[in-house]
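As structure tokens, this is what we get:
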């Protein structure tokens, strides 16, 4: 499924990055100053005039750690070090770097770059704030005839291969079903070729502990066969083309008719559905969502209900 990112204002992002750097310098300066005060007063004894005994120690113990703690960002996965998520300023530049590597065809450098980013960023931030903006920009260039379909296909293939190598095989995709989790089938609309959105969302869902199956090149008959043989609780369809969008209603109706689960929920996503959330009822789906991280939350909520 496609992903969309609401970019922070560039000036604000630059200011935030600068502020963090200045804050770090201020903390280091203060810490050094407290160290010098300790040295200067080490021989004065506890009765130094005008200053309660242990004041500097108290400040250093109670205040300085708090300042350092404020610089770390919680929520990054797999035990990575502090400051795990880059600021908007840094992720924007990371996206620019990725775009440059993709357009120039430097595949090995792209894989190395994505691997390095994976060590620094959570999977959610890597996909949502670095990869997704690049794909959105490329999609816009295609829509405005500044890039051919062949070029878009080549770039998507490069990125899909690079992302797969950088992410590797996520633990939850190994086939071990997590207790209390439902089965999910993510599929590309029959007739489409681009599966990077499905692959990215599958990785995010797997990281969240869900058991995910993918169908990236299946016909409608093959999809119907899969839902008739396995009790999926959710089917996610990615529609990235205006050419296949008119067939969504028929596709959804066929899946519901063939489904082994009479309560099957069908979620839609993809670039062709951006701004079309209000059409969900007309298409016969349960939900349209075009943001990957929000999709993970909504799928988790649906499976928990």
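Numbering (the UniProt record's numbering), first residue to last: 1 to 305.
Cβ coordinates follow ideal geometry from the N, Cα and C atoms, glycine included.
Small disclaimer: the values here were computed from a predicted structure and weren't measured.
Buried or exposed: residue i, going by 16 or more other Cβ atoms within 10 Å of its Cβ?
i           : result
residue 154 : exposed
residue 297 : exposed
residue 267 : buried
residue 288 : buried
residue 148 : exposed
residue 275 : exposed
residue 119 : exposed
In the structure shown, what three-state DSSP assignment does residue i receive?
i           : result
residue 236 : strand
residue 92  : helix
residue 215 : strand
residue 294 : helix
residue 187 : strand
residue 260 : coil
residue 121 : coil
residue 302 : helix
residue 245 : helix
residue 265 : strand
residue 28  : Summary for residue 28: the model assigns pLDDT 41, below 50, so the residue's position carries little reliability, and this model does not support an answer.
Which residues in the same chain as residue i place their Cβ atom closer than 6 Å to its Cβ, once the five residues preceding and following it in sequence are excluded?
i           : result
residue 230 : none
residue 139 : 271
residue 142 : 152
Below 8 Å between beta carbons: does that hold for residue i and residue j?
i           : j           : result
residue 273 : residue 251 : no
residue 315 : residue 212 : Given a span of 1 to 305 for the chain in the structure shown, any question on residue 315 remains unanswerable.
residue 226 : residue 215 : yes
residue 256 : residue 286 : no
residue 117 : residue 94  : yes
residue 162 : residue 114 : yes
residue 109 : residue 98  : no
residue 189 : residue 224 : no
residue 209 : residue 253 : no
Taking the alpha carbon of residue i as the point to measure from, which residue in the options has its own alpha carbon closest?
i           : options               : result
residue 187 : 104, 92 and 248       : 248
residue 151 : 194, 126, 225 and 117 : 194
residue 293 : 215, 261, 197 and 264 : 197
residue 207 : 124, 158, 259 and 103 : 124
residue 258 : 135, 228, 91 and 132  : 228
residue 106 : 276, 216, 158 and 119 : 158
residue 244 : 183, 269, 146 and 286 : 269
residue 220 : 239, 263, 191 and 97  : 191
residue 90  : 109, 121 and 205      : 121
residue 304 : 284, 237, 238 and 183 : 183
residue 260 : 126, 282, 137 and 235 : 235
Leaving out five residues before and five after residue i in sequence, what residues of the same chain have Cβ atoms less than 7 Å from its Cβ?
i           : result
residue 156 : 194 and 196
residue 218 : 187 and 190
Excluding the five sequence neighbours on either side, which residues of its own chain have a C-beta within less than 8 Å of the C-beta of residue i, listed in chain order?
i           : result
residue 103 : 155
residue 280 : 268, 286, 287 and 288
Using a Cβ-based criterion (distance less than 7 Å to any ligand heavy atom), does residue i qualify as near the ligand SAM?
i           : result
residue 186 : For the structure depicted, the ligand SAM is absent and the ligand set is empty, with no information on it obtainable.
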